[in-house]
Amino acid sequence: MKLKFIIFIIALSTTYWSCSDLLTEENKSGFTSETVYTDPQGFESLVSATYSYLRAWYGKEEGYNLMEMGTDLWFQGVDNRRVDIMAYNNMQANEAGLGETERFFQILWRRSYQAINLINTGLEFLPKSGLSPALQATREAELKFLRAHYYWLLTEQWGDVHLTTKVLTTAETTANRTPRATIYETILADLTFAVANLPNTTTQYGRITKPGAEAFLARIYLTLGRNREASDLAQKVISGYSFRLVPRFADLWNMSNLKNTEVIWACNYTNDLTLSDLRNTTTNPDGHPRGGNNGHLLFGMTYERTAVGAIGMQRDILNGRPFARYMPTSYLLDVFDETIDARYNGTFKTVWITNRAGNYTKRVGTRTIPVTLKLGDTAIVATKFDIPNNIDEQKTYLIVDRPAMYKADGTFNGNALFVPLSKFDDPTRPTFNEAQSGRDVFIIRLAEMYLIASEAEFKLNNLPKAVELINVIRERAALPGKAADMRVTAASLNIDFFLDERARELAGEQLRWFDLKRTGKLVERVRKFNPVAAPSVQDFHNLRPIPQVQIDAVTNKEEFKQNPGYNN
């Protein structure tokens, strides 16, 4: 799929990118939409290209900011660039300094609509593509699925947005604000077609399949409160195909095990990092959004910086290149019972081993204590507990404990050293400074189907079934001999329990903001568990501000206005 995408981009560059210093306005190649899209290989390149826009959302800082941050799970790390999004302050479109935030919103907005227009183009040219009737039906199903997915991202983030199923060949200066309910009618129609026409399996990893479309449709049904349909479809995916939970939660994240039995649909990247080169303007026209997976950069703590108190460490491949964008709230750490739940150690990194021997000093309370570290010694331990000073003083390694991370009011005390999320680490990168990773992003995995079905059955008041389904996930997560301790009863179930369980299972997987919004709990739980964002978060933050550049560009400004609460 990646090779075909490159061919497609090269073809487009000849036709449309005539402003390049290397190109003239004369189309010497003869490539046009008619010649490219009516050729089977050219049309297949178009379909592959529609998948590529997923990489603007998944595994990128822009996507993490809008899909995971501003929730109950994350504070800003020391090097976070978008505190306004994290803490819901100064997000008005007329605020000074919004330029970079505007860029984050604009990239995702623009890329989604570019994908949709390409999809609409594909649907228009499909009958003339030269593909067999059977393959035409499959590609139509793929295109409609992807259109539904991009519109889901748009309407959940921005509400009533512009809806079009027609091809745009020239700039359009008017835009509509189609009601969210109408957009969901289009989404459901597209997904229904996709489910009916997609194959059960694929030989090209990353293509959507029938169970993938069913799984996503189950997510949509849960969002819309259609609980019976959500549960039935999720359970069909669980039992009707060959997907299986990986026995150990931690094994999900091993770079050698990414194509595992639990993945229903993934945004695939490549280990050939030359295809992710940020300097390649043909394969990577936006720079950052189409590079490799960057998740490994964003959640790490600054283990290598002696300036913030770290000792015994220098940057290496194994421990990663930490951008320190996000640190967990105390709620996220505390929601795990690590004495019975293996997901704590499968989600976070807590120990660093000395790779830079030498003499150091560490601070304990008001004391400065000299220590000597040899290669292979423990250098740093990060813990969610409060370690008494008299114990800390006896250790040669640095202890980053609860008071070091959090103040008594729950806000962060230090956001350079903390317990970092490690799910997305990539020790297979070729150099310690490599920013691109070939890690695939799991968009939908089987565990989510159990969570969806259980929550839906709870809402339908079928508590025994809800308990049965949720306990499958909890037993998988149990430490050896602790399965009985991990099981819950009906008395434990409520919406907050399901949000807690989704935090334990899915933290960092670009679903949290949607979960809080879907359950009507965004403002409530941010105020309860994220004291940094609590003073600023308001109900209108259930929608994002529309990129100002879009509002400035339209001529029907009376109809196409900024979302309420912004630009006031």
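First residue of the sequence shown? That's -16 in our numbering, and the numbers climb one at a time after it. Virtual Cβ for every residue (Gly too), placed ideally from N, Cα, C.
Proximity test, residue i beta-carbon vs the ligand ADP heavy atom, cut-off 7 Å
i, result
"Asp255", "Annotation note on the ligand ADP: not contained in the displayed structure, which lists no ligands."
Sub-8 Å separation of residue i and residue j beta-carbons
i, j, result
"Ser519", "Asn237", "no"
"Asn63", "Arg308", "yes"
"Leu400", "Val515", "no"
"Arg428", "Tyr252", "no"
"Pro353", "Asn342", "yes"
"Trp57", "Pro463", "no"
"Glu45", "Leu91", "yes"
"Gly42", "Asn276", "yes"
"Ser112", "Tyr20", "yes"
"Asp409", "His524", "no"
"Ile370", "Asp384", "yes"
"Thr138", "Val144", "yes"
"Pro403", "Met296", "no"
"Leu205", "Glu484", "no"
Start-to-end residues for the beta strand (DSSP E) that takes in residue i
i, result
"Gln59", "57 to 59"
"Gly341", "341 to 347"
"Phe425", "424 to 428"
"Pro413", "It is not in any beta strand (DSSP E) - Pro413 carries neither H nor E in the DSSP assignment."
"Tyr309", "309 to 311"
"Ile363", "361 to 365"
For residue j and residue i, believed in contact at Cβ under 8 Å, the rounded distance
i, j, result
"Arg326", "Glu488", "7 Å"
"Ala124", "Leu181", "5 Å"
"Ala233", "Gly329", "4 Å"
Buried versus exposed call for residue i [16 or more other C-beta atoms within 10 Å across all chains shown]
i, result
"Lys540", "exposed"
"Tyr549", "buried"
"Ala467", "exposed"
"Gln521", "exposed"
"Leu81", "Reliability of the predicted coordinates at Leu81 is poor, the pLDDT of 49 falling under 50, and no value is obtained from them."
"Leu301", "exposed"
"Val30", "buried"
"Val334", "exposed"
"Gly208", "exposed"
"Leu(-14)", "Because Leu(-14) sits at a pLDDT of 36, beneath the cut-off of 50, its placement in the model cannot be relied upon, and the point is left open."
"Gln24", "exposed"
"Ile453", "buried"
"Gln531", "buried"
"Asp535", "exposed"
"Asn48", "buried"
Residue range of the unbroken alpha helix (DSSP H) whose run includes residue i
i, result
"Ile247", "Unbroken run through Ile247 is the beta strand (DSSP E), 246 to 250; no alpha helix (DSSP H)."
"Ala536", "531 to 536"
"Pro598", "Look at the range of the chain in this structure, -16 to 551, and you will see that residue 598 is not part of it."
"Leu356", "Where Leu356 is concerned, there is no enclosing alpha helix (DSSP H), although the beta strand (DSSP E) it sits in stretches over 350 to 356."
"Ala117", "116 to 141"
"Gly278", "278 to 281"
"Asn373", "372 to 375"
Inset, instruction - Go through the stretch 160 to 221 residue by residue and report every complete run of the alpha helix (DSSP H) that reaches 4 residues or more, in order. - result: 163 to 180, 193 to 206
Legend entry - Complete runs of the alpha helix (DSSP H) confined to the stretch 433 to 507 [at least 4 residues]: 446 to 459, 466 to 469, 478 to 489, 495 to 501
Inset, instruction - May I have a chain-ordered list of the alpha helix (DSSP H) segments no shorter than 4 residues that lie completely inside the stretch 27 to 74? - result: Segments of the alpha helix (DSSP H) lying fully in the stretch 27 to 74: 37 to 40, 44 to 50, 66 to 70.
Legend entry - Completely contained beta strand (DSSP E) runs for the stretch 292 to 333, where each covers 3 or more residues: 309 to 311
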